[in-house]
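Chains as they are written, first to last, in our numbering: chain A, 1 to 520; chain B, 1001 to 1520.
Backbone N, C-alpha and C fix where the C-beta goes; we use that ideal spot for every residue, glycine too.
Encoded as structure tokens, the structure appears first; notes follow it.
There are 2 protein chains.
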Amino acid sequence: MTQTNSRVIRVHPNDNVAIVVEQGGLAEGTIIEGGITTTMAIPQGHKVALVKMAEGDQVVRYGEVIGTTLVAIASGSHVNETNVQLPTAPALDELPLATREITAVEPLEGYTFEGFRNPDGSVGTKNVLGITTSVQCVAGTVDYVVQRIKHELLPRFSNVDDVVGLNHSYGCGVAINAPAAIVPIRTLKNIALNPNFGNEIMIIALGCEKLQPSTLLSDRPVRIYENTQAADPEANVLSLQDDSFQGFGEMVEGILAMAERHLERLNRRQRETCPASELVVGMQCGGSDAFSGVTANPAVGFATDLIVRAGGSVMFSEVTEVRDAIHLLTPRAIDEQVGRALIEQMAWYDDYLSQGQADRSANPSPGNKKGGLSNVVEKALGSVIKSGNSPIVDVIGPGERLRRKGLTFAATPASDFICGTLQLAAGMNLQVFTTGRGTPYGLAMVPVLKVSSNSTLGKRWHDIIDLDAGRIATGDASIEEVGWELFLLILDVASGRQQAAADRLGIHNDLVLFNPAPVT
Amino acid sequence: MTQTNSRVIRVHPNDNVAIVVEQGGLAEGTIIEGGITTTMAIPQGHKVALVKMAEGDQVVRYGEVIGTTLVAIASGSHVNETNVQLPTAPALDELPLATREITAVEPLEGYTFEGFRNPDGSVGTKNVLGITTSVQCVAGTVDYVVQRIKHELLPRFSNVDDVVGLNHSYGCGVAINAPAAIVPIRTLKNIALNPNFGNEIMIIALGCEKLQPSTLLSDRPVRIYENTQAADPEANVLSLQDDSFQGFGEMVEGILAMAERHLERLNRRQRETCPASELVVGMQCGGSDAFSGVTANPAVGFATDLIVRAGGSVMFSEVTEVRDAIHLLTPRAIDEQVGRALIEQMAWYDDYLSQGQADRSANPSPGNKKGGLSNVVEKALGSVIKSGNSPIVDVIGPGERLRRKGLTFAATPASDFICGTLQLAAGMNLQVFTTGRGTPYGLAMVPVLKVSSNSTLGKRWHDIIDLDAGRIATGDASIEEVGWELFLLILDVASGRQQAAADRLGIHNDLVLFNPAPVT
Chain A
1 MTQTNSRVIR VHPNDNVAIV VEQGGLAEGT IIEGGITTTM AIPQGHKVAL
51 VKMAEGDQVV RYGEVIGTTL VAIASGSHVN ETNVQLPTAP ALDELPLATR
101 EITAVEPLEG YTFEGFRNPD GSVGTKNVLG ITTSVQCVAG TVDYVVQRIK
151 HELLPRFSNV DDVVGLNHSY GCGVAINAPA AIVPIRTLKN IALNPNFGNE
201 IMIIALGCEK LQPSTLLSDR PVRIYENTQA ADPEANVLSL QDDSFQGFGE
251 MVEGILAMAE RHLERLNRRQ RETCPASELV VGMQCGGSDA FSGVTANPAV
301 GFATDLIVRA GGSVMFSEVT EVRDAIHLLT PRAIDEQVGR ALIEQMAWYD
351 DYLSQGQADR SANPSPGNKK GGLSNVVEKA LGSVIKSGNS PIVDVIGPGE
401 RLRRKGLTFA ATPASDFICG TLQLAAGMNL QVFTTGRGTP YGLAMVPVLK
451 VSSNSTLGKR WHDIIDLDAG RIATGDASIE EVGWELFLLI LDVASGRQQA
501 AADRLGIHND LVLFNPAPVT
Chain B
1001 MTQTNSRVIR VHPNDNVAIV VEQGGLAEGT IIEGGITTTM AIPQGHKVAL
1051 VKMAEGDQVV RYGEVIGTTL VAIASGSHVN ETNVQLPTAP ALDELPLATR
1101 EITAVEPLEG YTFEGFRNPD GSVGTKNVLG ITTSVQCVAG TVDYVVQRIK
1151 HELLPRFSNV DDVVGLNHSY GCGVAINAPA AIVPIRTLKN IALNPNFGNE
1201 IMIIALGCEK LQPSTLLSDR PVRIYENTQA ADPEANVLSL QDDSFQGFGE
1251 MVEGILAMAE RHLERLNRRQ RETCPASELV VGMQCGGSDA FSGVTANPAV
1301 GFATDLIVRA GGSVMFSEVT EVRDAIHLLT PRAIDEQVGR ALIEQMAWYD
1351 DYLSQGQADR SANPSPGNKK GGLSNVVEKA LGSVIKSGNS PIVDVIGPGE
1401 RLRRKGLTFA ATPASDFICG TLQLAAGMNL QVFTTGRGTP YGLAMVPVLK
1451 VSSNSTLGKR WHDIIDLDAG RIATGDASIE EVGWELFLLI LDVASGRQQA
1501 AADRLGIHND LVLFNPAPVT
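Given below as structure tokens:
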């Protein structure tokens, strides 16, 4: 990164635009790099032209073309979505696959965290009773019972951190045999296996739903809890329509009794020292601005590389924010097969969007644009930096579980909550979330660390943001320094030594399933 | 209805199958109507053949063909989805439109309830502060604040029944310019206008989202509440990203202050005597069985006609459970235009399902089949009976508001929660929900009355079911008697004299939006 002076940032020597750093933006007539004078006021985070451009010229940021000018633009002028045309997306049929030479990196040794090791070998960062639901019909009942469990049972199980109802809007009233139904079904099945739930599976079902609990337990025995028999300590399914429950009161008592058995086992979990290679970190961004790609996301990318060097697992996601940078990613695939898998995920999503008469230009929000991001190309180039510099060792589809250590592309929509839900299903035990505009995002299942891309937000949302990467823009910290801070913070939070801001405040968002199939 | 004896029910004289009434079903060798002997055990709610049928014969129930036999079936045998073939759906291009003569019905006068009359003329059945959210990002914060409002503010406003956060999974990360995006957007806009919220509109926004609050308030002045200004009593939008909020604590204080102003106004609402013509009742069924079409739904249909005779409004919905009975509905349209509107909604859904490689056969659940419903035709014939015998005066699309009194077809998916959400948007002030298998459904926004189709469920779920229509099958009550009971119960619950079971127990389901457009 070439920091030209304290007022603007140019990321790459070939860039013909720079980003305004100064809080409050630049006034008309301000002199910046190379004696260029601004011809108009330009807000913070927005782009200023460093050269005179004719109509049709390429606008270059991150050393990549982010569009062509729709009109002539004077040096020192504001460059934004009104005068830059979105280029076509990179064609998917001629991309270089696995062409980048894989250079040996020094392993990072000696870093550990205190985690909960599970029977299946995975490691949790929290000790949570996750109550899976097979259908939306039971959500109101589960919400009611979770409150009762928290007040009546949880105080007796001091090693258990929380009880979470895994409610969702799937399970019935859906085309369960449509081809795309595989996505929500495997998502629910795999979320139940998230390492923070300690391999305890407890499902509340209705009875008549399309998504039968046996589907969610396809590789485990289904053991039904019935009210009339002595409670089976291994019971993993309770159906509200079971004949043995006479009314709501008995259902609730049944769920409480079943929860107690699971809490007893979870309470025996103890944190133990685990190598950093047991980290499974999901990287995400939401409410991005033009700083995201020069501060927070590069710092996250640096931390990604540290985790990979330590032998851990990192996912990056968000297909529509990767699509326009795909030509930078396919060369980083570890082999051609992984490269083709990347392309397949892009092609699936192109098709999905076009079926709904939408395309990738639907991605950026008004806030992204206010934050200086002119289009999805600029957003994508800034977004993929979260993936650092490591080779991409695997690609998984939405709702699938992670298969390999190292850096995986976990294909998900960019919607924060859907991406979070799918990364939970993939098995993350911690999430890092960067934001420029600010979102009070949180998940009850795993800690979420929020990193601000600019210090204006970092200071204003002092109690919501966990780490301020805006210090990189002001020159108060380097990308490497913030990357290391994040890595160490991840280890602290994964160990329970420190709480994520969202957990401290108690702000948690619900799961949102990705269901590309119709509802009925 | 021809009740042949206490063991089976035949609905229509032309039917060649009857439904087993007896709890526990019929054993092999049981003698029923006309000296027919069962050739095998047949479960309760399932169909028994009343005649010998050859392969390819028509199976008739409700006087309508529900399928053709796949094999020869002996008289006294079990008829179900394994030996009946689904017929093709009625073609949409040759349906009779508005052909049924409209007979004058005697107006029903003198029935009233105690409701909350609103400035816009609508009448509420509860007094609720509904907090609209423009985007899912604020849901965790709204959940947190709603708890604070309930504990800190609500006790001071004794006329206000509840505070509800209208959370959902829309607003950003979605293709907001896709043609189908109109559905979720108008749904959110119209839910805020539900009569139970007393025309008070309070929106919690983030700031950078695609669904801007101004869209939700397009016909009202948008007044942004800022923390630094004196609280505007008319303020109706608070954005968490507003510069004036220094951190989470100040956002929460801002929301509490805004809620207080709205609670002050809501607290001045008083119940007053209103004619039954102000009822706006949504009819729905979920977890249906073979009794639904002979007990609960006919009783609901009778109550529908009573409400219409009293000048009130009734909606029925659930396109996939109407599609196969559409030929019975288009003649009941009040004019050809309404008839064509019915057909348009069917055609839209046929297309929507086929885009997802699904069709109407995706509707029935395993529980429906266990309950004796062989296919979607039989389910639909039993479902549309909820609409009674009144003319259909209007058709609205998903998320639209009701325009006319009388009986309207409000097109929605059959998914219970999506249908409920869309009927809320249409403006219902009470919902009736029939069930045979049993679902503990509830909405916090309006009372939901649950009617059981069989007494086995009605007795077992004694505290969840509001009214047992199973007494119709056992001969202990007539359709007319249960219909009148339901009508009078609606008036009691709408008046706050009696609580719906779900409200008494505190079981409430979340909103689920219908979003046929892609996520990004």
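At what residues does the beta strand (DSSP E) containing threonine 112 of chain A begin and finish? 112 to 117
Can you tell which of B:Leu1092, B:Glu1064, B:Ile1479 has the C-alpha that lies nearest to the C-alpha of aspartate 1305 of chain B? B:Ile1479
Could you pull the start and end residues of the alpha helix (DSSP H) that glutamate 101 of chain A belongs to? Per DSSP, glutamate 101 of chain A belongs to no alpha helix (DSSP H) and is neither H nor E.
Measure from the alpha carbon of proline 447 of chain A to the alpha carbon of each residue in A:Ser455, A:Phe417, A:Gly496, then state which is nearest. A:Gly496
Quick check for students: name the residue ranges of the beta strand (DSSP E) that lie wholly in the segment 1050 to 1095 of chain B, counting only runs of 3 or more. 1058 to 1061, 1064 to 1069
In terms of alpha-carbon separation, which member of A:Tyr111, A:Asn515, A:Phe157, A:Leu193 lies closest to leucine 489 of chain A? A:Tyr111
Residues near asparagine 1389 of chain B in its chain [Cβ-Cβ closer than 6 Å; skip 5 each side]: Asp1305
Could you tell me whether the Cβ of histidine 1012 of chain B comes closer than 9 Å to any Cβ of chain A? no
Short of 8 Å in beta carbon distance, which residues of its chain neighbour proline 1107 of chain B, apart from the five on each side in sequence? Order them along the chain. Arg1309, Ala1310, Gly1311
The segment 1316 to 1336 of chain B / the segment 1289 to 1297 of chain B touching (three or more Cβ pairs under 8 Å): no
Which same chain residues, not among the five before or five after alanine 1502 of chain B, have their C-beta less than 6 Å away from its C-beta? Gly1442, Val1448
Can you say whether isoleucine 392 of chain A is buried or exposed, counting buried as having 16 or more other CB atoms within 10 angstroms of its CB? buried
Exposed or buried, histidine 262 of chain A, counting other C-beta atoms within 10 Å across all chains shown (16 or more means buried)? buried
Pull up the distance between the alpha-carbon of alanine 1271 of chain B and that of asparagine 1159 of chain B, whole angstroms please. Reading off the sequence shown, one finds arginine at residue 1271 of chain B, where the question assumed alanine. Arginine 1271 of chain B and asparagine 1159 of chain B: Cα-Cα distance of roughly 9 Å.
Euclidean distance between Cα positions of alanine 1259 of chain B and arginine 1265 of chain B: 10 Å
Going along the chain, which residues of its own chain have a beta-carbon closer than 6 Å to the beta-carbon of valine 512 of chain A, five neighbours each way excluded? Phe417, Ile418, Thr421
Over what stretch of residues does the alpha helix (DSSP H) that includes cysteine 419 of chain A continue unbroken? 416 to 426
Hey, is aspartate 416 of chain A's beta-carbon within less than 9 Å of any beta-carbon in chain B? yes
Can you grab the Cα-Cα spacing for the pair glycine 371 of chain A / alanine 41 of chain A, in whole Å? 15 Å
Beta-carbon neighbours of arginine 460 of chain A, restricted to chain B and to distances below 8 Å: Asp1243, Phe1245, Gln1246, Gly1247
Threonine 1141 of chain B and proline 366 of chain A - do their beta-carbons sit closer together than 9 Å? no
List the residues of chain A that glycine 1140 of chain B touches, going by C-beta distances under 7 Å, in chain order. Pro440, Gly442, Ile507, His508, Asn509
Residues from the segment 113 to 142 of chain A in contact with chain B, defined by Cβ distance under 8 Å: Gln136, Cys137, Val138, Ala139, Gly140, Thr141
Kindly indicate which residue of B:Pro1233, B:Thr1133, B:Pro1090 has the alpha-carbon position closest to the one of arginine 1360 of chain B. B:Pro1090
Got a sec: which bits of the segment 159 to 177 of chain A sit with their beta carbon under 8 Å from any beta carbon on chain B, in order along the chain? Asn167, Ser169, Cys172, Gly173, Val174, Ala175, Ile176, Asn177
For the segment 201 to 217 of chain A, enumerate the residues whose C-beta is nearer than 9 Å to any C-beta of chain B, in chain order. Leu206, Gly207, Cys208, Glu209, Lys210, Gln212
Partner residues on chain A for arginine 1437 of chain B, Cβ-Cβ distance less than 7 Å: Gly207, Cys208, Gln241
Cut-off 6 Å between Cβ atoms - residues of its own chain near histidine 1012 of chain B, not counting five sequence neighbours on either side: Tyr1062, Gly1063
Would you call the CB atoms of alanine 444 of chain A and valine 128 of chain A closer than 9 Å? yes
For chain B, check one thing: does any of its Cβ atoms lie closer than 9 Å to the Cβ of proline 195 of chain A? no
Out of B:Ser1277, B:Ile1224, B:Val1280, B:Pro1364, state which residue places its alpha-carbon closest to the alpha-carbon of isoleucine 1255 of chain B. B:Ile1224
Through-space distance from alanine 1074 of chain B to serine 1387 of chain B, alpha-carbon basis: 35 Å
Using the beta-carbon of each residue, which ones in chain A are nearer than 7 Å to proline 1366 of chain B? Cys208, Lys210, Gln212
Between cysteine 1137 of chain B and leucine 342 of chain A, what straight-line distance do the alpha-carbon atoms span, to the nearest angstrom? 28 Å
Which chain B residues sit within Cβ distance under 8 Å of asparagine 69 of chain A? A small fix is needed here, since residue 69 of chain A is threonine in this sequence, not asparagine. Going along chain B, no residue has its Cβ under 8 Å from threonine 69 of chain A, so there is no contact; the nearest lies around 24 Å.
Beta bridge counterpart(s) of serine 452 of chain A as assigned by DSSP: A:Thr435, A:Asp468
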